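Here the structure comes first, spelled out in structure tokens, and everything after it is commentary.
Numbering (the numbering used here), first residue to last: 2 to 95.
In structure tokens:
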């Protein structure tokens, strides 16, 4: 996961399109990189290796994703504890 902190939307777009990471964030804490926060539930493992995976693998194992997060100085502590803000997970149109 990599992050850029900038007010320049052009620099942010350039960074997000060129960085080699599964999570690329603009003005948001990299602590948001978490399976639960992505809406997947608890994580069972994290791969930090590059492709290809080892062993017998189906199509699902060969597909990778990139997650974009754009914030305005958002930090994780606002979404934890007794007065936590709620996460909203919305499917994007295809």
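For every residue, glycine included, the Cβ atom is placed at its ideal position computed from N, Cα and C. Just so you know, these numbers come straight off a predicted model, no measurement behind them.
- Residue 31 carries a helical assignment under DSSP once its states are collapsed to helix, strand and coil.
- Taking the C-beta atoms as reference points, residue 28 is found no nearer than 8 Å to residue 82.
- Between residue 23 and residue 69, the gap from beta carbon to beta carbon reaches 8 Å or more.
- Comparing C-alpha distances from residue 36 to each of 72, 93 and 88 shows the shortest one belongs to 88.
- One alpha carbon belongs to residue 30, the other to residue 20, and they sit about 16 Å apart.
- The alpha-carbon of residue 71 is positioned some 13 Å away from that of residue 12.
- Distance check between residue 39 and each of 94, 5 and 77 places 77 closest, using alpha-carbon atoms only.
- Where residue 74 is concerned, there is no enclosing alpha helix (DSSP H), although the beta strand (DSSP E) around it starts and stops at 68-75.
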